[in-house]
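Okay, structure first, notes after.
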Amino acid sequence: MLFVELNKQLDKSAWHTQDPQWLKARKKHWQTLVKFFKAHNILRPDSIKYYQTYFLTGELQNTQEIGYFPREVNAFLVMMFHPEQTKESLKIVFNTYCKTYHPQKVLPCCDDSIDFFEKNIMLFVEDQEGVLGGNESIYCDILYGETKEEQLKRRAHKSKTKFPALCSRLSKLITDENTHRFSYYQYIIDFCFLTIAPDELEFGRTKIELPKQLAIFANYDQLDPFKDSNPERYESAWKVVNKLRAKLDNEDLPEELKTLWAQAQNQEVTLG
């Protein structure tokens with residue numbers, strides 16, 4: 097059984113259950129998380145009940161003994177409810193889960209962590225104060241992979257619409273101050289480029305919107321909306337723009353995208 101074995105493997109030293117102040121802070125944080133889960137119907141009551149015990153004590157209960165099983169089970173949740181939210185600690189938790197979930201499979205495990213993350217965390221980024229504690233980029237690195245090799249393994253979860261979605265979200269991130277600064281797509285640029293499907297570039301709204309978005313990336317110097325108003329946003333926007341330009345200048349791109357990118361660099365752009 098997954099939880100029984102995982103409970104044996106996880107290091108419990110991060111849970112300071114004998115410290116009243118730690119436990120008090122932990123309970124307060126749990127209420128923040130539960131409010132978010134309930135507001136967006138992310139976890140069902142049995143899952144909330146189950147993971148509360150893990151969150152506070154480190155114990156993943158034997159589901160046969162307690163008589164119920166949490167409906168939502170994946171590596172992301174086990175990471176999210178771990179007290180140590182450093183990249184090193186979360187990687188250990190992720191790898192421990194994967195090895196336990198499917199011992200014979202080469203990492204990463206094929207559970208639904210990425211799907212769960214995209215549908216329930218990425219989607220509600222504007223309502224997440226205190227949920228991931230500013231560790232959005234860490235979770236993206238672990239779930240989607242940091243190296244090309246890791247990302248290619250995770251591409252089993254790819255969607256043909258990931259690249260168009262990337263361009264749509266990031267064109268708003270770098271031009272609209274009302275777009276949440278923690279938009280997750282800025283952390284998975286490399287992964288999304290690996291999912292490009294040439295036929296998708298000419299499909300539906302993408303055929304109309306993608307050239308406009310590419311023109312924003314190519315000619316961002318003409319816009320630079322945060323230059324004199326928001327230093328933090330200015331720095332993060334240019335970081336995204338420079339990353340996208342470097343990726344779009346790559347010779348390995350599909351010919352269809354190379355053509356669109358070349359055309360975009362000769363366009364004038366305006367906000368609005």
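Numbering (my numbering), first residue to last: 97 to 368. Don't be surprised by glycine CBs; every beta carbon is placed ideally from N, CA and C. Keep in mind it's a predicted model, so treat the numbers as computed, not measured.
Could you tell me whether any Cβ in chain D is nearer than 8 Å to the Cβ of Glu180? In the displayed structure, chain D is absent; only one protein chain is listed.
Can you name, in chain order, every residue of its own chain whose Cβ lies under 8 Å from the Cβ of Asp142, other than the five neighbours on each side? Tyr164, Phe165, Pro166, Arg167
Taking DSSP as the reference, what is the three-state secondary structure of Val74? No answer is possible for residue 74: the residues shown for the chain start at 97 and end at 368.
With DSSP as the reference, label Thr271 as helix, strand or coil. Three-state DSSP puts Thr271 in coil, outside helix and strand.
Looking at C-alpha atoms only, which residue of Glu296, Thr355, Ala314, Arg122 is the closest neighbour of Gln361? Ala314
With DSSP collapsed to three states, give me the class of Lys124. helix
If Thr113 sits next to Leu106, beta carbons under 8 Å apart, how far is it from one beta carbon to the other, in whole angstroms? Taking 8 Å as the upper bound for CB-CB distance, Thr113 and Leu106 are not in contact here, some 14 Å apart.
Whose CA, out of Met175, Glu180, Pro179, lies closest to the CA of Asn191? Met175
Supposed contact pair Arg250 and Tyr235 - C-beta distance, whole angstroms, cut 8 Å: Between Arg250 and Tyr235 the Cβ distance is about 13 Å, and since that is not below 8 Å, they are no contact.
For Leu367 and Thr271, which I take to be in contact (beta-carbon distance under 8 Å), what is that distance rounded to the nearest angstrom? 6 Å
Hey, how far is the Cα of Tyr283 from the Cα of Glu225? Taking the straight line from one Cα to the other gives about 18 Å.
What's the call for Glu184, buried or exposed, on a 16-neighbour Cβ count within 10 Å? exposed
Opening and closing residue of the alpha helix (DSSP H) in which Tyr146 lies: Residues 141 to 153.
CB contact flag (Lys258, Thr291, <8 Å): yes
Quick check: what's the CA-CA separation for Gln157 versus Asp320? 52 Å
Starting from the C-beta of Ile144, find all residues in its chain whose C-beta is less than 7 Å away, skip the five residues before and the five after it, and write them out in chain order. Val130, Phe133
Whole angstroms are fine: how far does the CA of Glu298 sit from the CA of Trp357? 14 Å
Candidates Ala311, Glu273, Lys354, of which the one nearest Pro294 by Cα: Lys354
Gly241 - DSSP class collapsed to helix/strand/coil: Note: Gly241 maps to coil in three-state DSSP.
Can you name, in chain order, every residue of its own chain whose Cβ lies under 7 Å from the Cβ of Leu139, other than the five neighbours on each side? Phe133, Glu168
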